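Below is one structure; the comments refer to it alone.
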Amino acid sequence: MIRNLLRPHILSLSSYSSARDEYSESEGIFLDANENPLGSVASKPCNRYPDPQQHKVKNLLALVKGVSTDNIFLGNGSDEAIDLLIRAFCEPHQDNIVILPPTYGMYEVNACISAVEVIKVPLNEHFDINLPQFWASITPKSKIVFLCSPNNPSGNILSPDSIKEILEKFKGMVVIDEAYIDFCPKNTFLPLLKKYPRLVIIQTFSKAWGLAGLRLGMAFGSQELIGILNKIKPPYNINQYTQEIVEKSLQNEPLKNEWVEEILKNKNILAGKLSKLRFVEKVFASEANFLLIKMQDSQRVFDYLLYEKVIVRNRNSVVAGCLRISVGTAAENKILLEKLSDYQNIHY
Ligand SMILES: *Cc1c(COP(=O)(O)O)cnc(C)c1O
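So, in structure tokens, the structure goes:
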């Protein structure tokens, strides 16, 4: 039962019922939503409100993911799902969330915006869950734990056994952020959704599917949880074109899988070559589409690459001496490696 975990006013909230919630057929003369009947002042038509429940996308997605449509929430990026989860469960100045740094930054940002305390249980030296410290750090007010697997920025998956222990014994919601799961699909916890009613899985179209500009994220959870998220979301949170393009994309999954294979292949080549550079201390094993690399003078390398118009992510502030590099095309990776080799020749 998740109702005991929810903020009481969310439980009793009655949601806004939009025009398209009340009449969802596509045929008729639509005089109910104050839209412009003449058309759109745009190059593409968009004068009608989109489906607030995204039925077509969810029907196709349910087939791809092997879940029921009642188990799917769609958000304007997965960040919207993260925000709604915190707002549904965490009473400001009272409840807390648990995060395992170094990890994705939005859990903490969203908690802070909602004035919700953040308990940090740092990952161990293998970037894996420190279970004793986790159990010692949580409080009765811990409503959600965010587990990012594969983890950003380290790239590894978290120990499935540790995640299972948390799923078995933690009394709050367990959110597993699987933004990078398409790069290592066998590690998904999606098949365990039925077994654990407090499990929420977050995935996104922004990474492997190549749809970052559309902003579409997914949350998978119990029917009860999805009902809550739908109740508190902005009515038309997913725009018409995002819905249409994703419907088409979902019928094109083989292309996504092909690209995943190509990126994984390029990642291995890139990792091998990076690790041969003299100033590189460690290329961390990655299940995702990026590499975390520890090196001497990472700030200087970062500045040098920036000057050369190769933009990587400086993670020095979260993991000392580390840059995070997304796997590019074979041609992009080649240029990156050439620049780094030039840098090595100058400085080492
Ligand atoms: C990129 C990323 C997201 C955000 O995805 P959007 O759907 O684009 O909002 C979520 N979690 C992690 C760990 C990410 O790296």
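Numbering that gives the first Met the number 0 numbers the first residue of the sequence shown as 0 and each following residue consecutively.
Glycine included, every Cβ here is placed at the ideal spot set by N, Cα and C.
Please read these numbers as outputs of a predicted model, since none were measured by experiment.
task = Give a yes or no on contact between the stretch 73 to 80 and the stretch 122 to 130, applying the rule of three or more CB pairs nearer than 8 Å.
result = no
What are the start and end residues of each continuous beta strand (DSSP E) run of 3 or more residues lying completely inside the stretch 183 to 244, in chain order? 198 to 203 and 216 to 219
Hey, is Phe-204 close to ligand 1, as in C-beta under 8 Å from one of its heavy atoms? Position 205 of the sequence shown, counting from 1, holds the residue named residue 204. Yes, since a heavy atom of ligand 1 falls inside the 8 Å radius drawn around the Cβ of Phe-204.
Notebook entry, point to check: Between the Cα of Val-300 and the Cα atoms of Ala-287, Val-318 and Lys-338, which residue gives the shortest distance?
Noted result: In the sequence shown, residue 300 corresponds to position 301, counting from 1. Out of Ala-287, Val-318 and Lys-338, the CA that lies nearest to the CA of Val-300 is found in Lys-338.
* Could you tell me whether the stretch 278 to 289 touches the stretch 169 to 177, using the rule of 3 or more Cβ pairs below 8 Å? => For the pair of segments examined, the stretch 278 to 289 was found not to touch the stretch 169 to 177: the number of CB pairs separated by less than 8 Å stays below three.
Checklist entry - Name the DSSP bridge partner or partners of Asn-313? => result As a position in the sequence shown, residue 313 is number 314, starting the count at 1. Paired residues: Leu-322.
Have a look at the DSSP bridge pairing and note the partners of Glu-116. What you label residue 116 is simply residue 117 of the sequence shown in a count that begins at 1. DSSP lists Asn-95 as partners of Glu-116.
- Ala-135, buried or exposed, once every other Cβ within 10 Å from all chains shown has been counted against 16: Position 136 of the sequence shown, counted from the first residue, corresponds to residue 135. Per the 10 Å Cβ criterion, exposed.
What residue does the alpha helix (DSSP H) around Asp-78 start on, and which one ends it?
Start at 1 with the first residue of the sequence shown, and residue 78 comes out as number 79. Asp-78 -> alpha helix (DSSP H) spans 77 to 88.
Determine contact between the stretch 240 to 250 and the stretch 315 to 327, defined as no fewer than three beta-carbon pairs at a distance below 8 Å. no
Residue range of the alpha helix (DSSP H) that Ala-341 falls in?
Along the sequence shown, read from residue 1 onward, the residue named residue 341 stands at position 342. The identity of residue 341 in the sequence shown is Asp, whereas the question assumes Ala. Start and end: 329 to 346.
Across which residues does DSSP place Ser-141 in a beta bridge pair?
The count along the sequence shown starts at 1 and reaches residue 141 at position 142. DSSP, once it has assigned bridges, lists Asn-95 as partnering Ser-141.
At a cut-off of 8 Å, is Ile-112 close to ligand 1 when judged by its beta-carbon and the heavy atoms of the ligand?
-> Within the sequence shown, numbered from 1, the residue matching residue 112 stands at position 113. No, since every heavy atom of ligand 1 falls outside the 8 Å radius drawn around the Cβ of Ile-112.
Just verifying my parser: in three-state terms, what is the DSSP assignment at Asp-176? In the sequence shown, counting from the first residue as 1, residue 176 sits at position 177. Three-state result, Asp-176: strand.
What's the call for Pro-149, buried or exposed, on a 16-neighbour Cβ count within 10 Å?
On the sequence shown, residue 149 is found 150 positions in, with the first residue counted as 1. So Pro-149 ends up on the buried side.
What does Ile-292 pair with, by DSSP beta-bridge criteria?
One-based indexing of the sequence shown puts residue 292 at position 293. Per DSSP, Val-282 and Leu-322.
Any chance the CB of Asn-267 is under 8 Å from a heavy atom of ligand 1? On the sequence shown, residue 267 is found 268 positions in, with the first residue counted as 1. No; taking the cut-off as 8 Å, the Cβ of Asn-267 has no heavy atom of ligand 1 nearer than that.
**Request:** Buried or exposed for Met-0, please, with buried defined as at least 16 other CB atoms from any protein chain shown within 10 angstroms of its CB.
**Result:** By 1-based counting over the sequence shown, the position of residue 0 is 1. The residue is exposed, with fewer than 16 neighbouring Cβ atoms inside 10 Å.
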